[in-house]
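Student: Residues in the sequence shown are numbered consecutively from 45, following the numbering used here.
So that we are looking at the same thing, I have put the structure below in structure tokens.
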Amino acid sequence: MESILLRARGVPNSRDLDSYLARGGWEGLKRALAMAPEAVIQEVIDSELRGRGGAGFPTGRKWSFVPKDHPGPKYLICNADESEPGTFKDREIIEYDPQMVLEGIAIAAYAIGAHTAYIYIRGEFFRWARLLEEAIGQARSRGFLGKDILGSGFDLEVWVHRGAGAYICGEETALIESLEGKRGFPRLKPPFPAVVGLFGQPTVVNNVETLACIPHILTRGAKWFASIGRPRNTGPKLFCVSGHVNRPGVYELPLGVSFREIIYEHAGGIRNGNRLKAFFPGGSSAPVLTAQDVDVAADFDACAAAGSMLGSGGIIVMDETVNMVEVGRNLAHFYAHESCGQCTPCREGSDWCLDIFNRLLQGLGHPSDPEQLLRICRYASQGMTICPLGDAFALPISSLVTKFREEFEAAIKRSRPLPPQKLPVMPWTGKDIRFGG
Ligand SMILES: Cc1cc2nc3c(=O)[nH]c(=O)nc-3n(C[C@H](O)[C@H](O)[C@H](O)COP(=O)(O)O)c2cc1C
């Protein structure tokens, strides 16, 4: 497949507006401005583009939920938080082609009737925030942003807002709270942001990569876009491959290629000639897949059918040397640190899991630990929390316990008995606090 989203990688001065114009840049906006906003939305619906931020929601449908006759302002937010472990594609797009993102933002804003757009970027991405500011300055100076864009009468201002480096602020409603100047606590949905979002107004939140696809859909047409990949899973996708491969990096491929092709052909296979043991197909929040799943297609529906998810497209590869109990500890440590603390099952559950993993690795495991982990994860997932961060730790951790149970049993076998006297007993069960059942 020709390079679409990464076509500027390696082009000298690729970030410059003139370089972007030479690649046919801003033509998509010109086409969009000549169409009615509803026709632009229909074009995106027809392309079957699905969001690249994690959930894979159809982009055109999301835009169509924004009320047309809303009397107040509407907003567009570009989600550049990129906080999912194993994900490093959005910064790659911004590094080489920030104008493409701005053009996607301008088209999306025109389609939904927004005159203000925000790019919410994580605090640590100082470099990419600066690159975006520079790109906005260039686009504004040449009439692609600002007042009366290209003489069309459409106005749009784009602002870059830096977060403070919290994983939860990538979740769209926490992001909106943070943008409003509040602590990044997710909101209960519904109402969805498309109806009640930033400052209580209709708001569309889209990922950087999603918006980067938009100019191409407008210039080359929905049919062309939909011809890449397979039905319901269309277009190019950036796969971030990390872990025990010979050539980690960002690879642009059509949705639906197999994980085998990504790992063995593009990423150069497993390091040191080792065997593949397992991989997270869509960032660390996706349930783990094993070496037997390597022929699964890397797209939304195939990953769901395999019991996992494509998520952000961050493929974390683990070879045979990896201990899955240590992987679990690593996950629990991250999510316990990043849980916003609003919901008890997530706040307490992630920390409790971390505690169990720490004990298991210190030789203080207990025969009930695997079941206890599964139980905690059950209570933190599937709608038990306000946002999906509960699922984000619970589903991968339960997948580790289920698929690699023998490694947990081995850790328990290696354990010495717990010092019994130190654990408080719960009066209603008569058992100690950790294994209370
Ligand atoms: C805990 C959590 C973290 C998230 N982090 C990000 C992120 O860093 N970037 C992103 O684009 N979406 C992230 N999302 C998904 C967003 O909530 C939202 O679905 C997405 O930005 C919508 O864009 P899309 O429709 O273009 O995919 C996260 C979701 C959750 C639950």
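Glycine included, C-beta positions come from ideal geometry on N, C-alpha and C.
In this text the structure is predicted, and so the values were computed from the model without any measurement.
Asn123: beta carbon under 7 Å from a heavy atom of ligand 1?
Tutor: yes
Student: Curious, which full-length alpha helix (DSSP H) runs of at least 4 residues does the segment 407 to 473 contain?
Tutor: 413 to 424, 433 to 447, 449 to 457
Student: Spatial neighbours of Leu255 within its chain, please: CB distance less than 7 Å, with the 5 preceding and 5 following residues excluded, ordered by chain position.
Tutor: Cys122, Val145, Gly148, Ile149, Ala152
Student: Using 10 angstroms around the beta-carbon of Pro235, count the other beta-carbons present and answer buried if the total reaches 16, otherwise exposed.
Tutor: exposed
Student: If you draw a straight line from the alpha carbon of Arg206 to that of Ile220, how long is it in whole angstroms?
Tutor: 12 Å
Student: Given that a residue counts as buried once 16 or more other Cβ atoms are within 10 Å of its Cβ, and exposed if not, what is Pro353?
Tutor: Reading off the sequence shown, one finds Met at residue 353, where the question assumed Pro. Buried, since its Cβ has 16 or more Cβ neighbours within 10 Å.
Student: Using only the alpha-carbon positions, how far apart do Asn367 and Leu444 sit?
Tutor: 10 Å
Student: Which residues bound the alpha helix (DSSP H) around Thr263?
Tutor: 252 to 264
Student: With a 10 Å radius around its C-beta and 16 neighbouring C-beta atoms as the bar for buried, classify Asp435 as buried or exposed.
Tutor: buried
Student: Just grab the DSSP bridge partners of Asn277 for me.
Tutor: Arg274
Student: Return the chain-ordered list of same chain residues with a C-beta closer than 6 Å to the C-beta of Thr217, the five sequence neighbours on each side being excluded.
Tutor: Pro230, Arg231
Student: For Glu224 and Val340, what's the separation of their Cα atoms in angstroms?
Tutor: 41 Å
Student: What's the C-alpha gap between Arg184 and Ile163?
Tutor: 15 Å
Student: Label Pro237 either buried or exposed according to how many other C-beta atoms from any shown protein chain fall within 10 Å of its C-beta, with 16 as the threshold for buried.
Tutor: buried
Student: Please find out if some non-hydrogen atom of ligand 1 comes closer than 7 Å to the beta-carbon of Gly385.
Tutor: no
Student: Let me confirm a value: Gln245 is counted as buried when at least 16 other C-beta atoms fall within 10 Å, else exposed. Which label applies?
Tutor: buried
Student: Does the distance between the C-beta of Lys281 and the nearest non-hydrogen atom of ligand 1 fall short of 7 Å?
Tutor: no
Student: Looking at the structure shown, is Val340 part of a helix, part of a strand, or coil, going by DSSP?
Tutor: coil
Student: Would you mind working out which of Gln336, Ile89, Asn57 sits nearest Thr278, comparing C-alpha positions?
Tutor: Looking at Gln336, Ile89, Asn57, the one whose alpha-carbon comes closest to that of Thr278 is Ile89.
Student: How many angstroms separate the CA atom of Gly209 from the CA atom of Arg166?
Tutor: 5 Å
Student: By DSSP's criteria, Leu320 is part of a beta bridge. Which residues make up the other side?
Tutor: Under DSSP, Leu320 shares a beta bridge with Asp363.
Student: Inspect the beta-carbon positions of Lys133 and Cys347 and report whether they are closer than 8 Å.
Tutor: no
Student: Any idea if Ser47 is buried or exposed, counting beta-carbon neighbours within 10 angstroms, 16 or more meaning buried?
Tutor: Result: exposed.
Student: Considering Pro142, what are the terminal residues of the alpha helix (DSSP H) in which it resides?
Tutor: Start and end: 142 to 156.
Student: Distance, Cα to Cα, Arg315 vs His288?
Tutor: 6 Å
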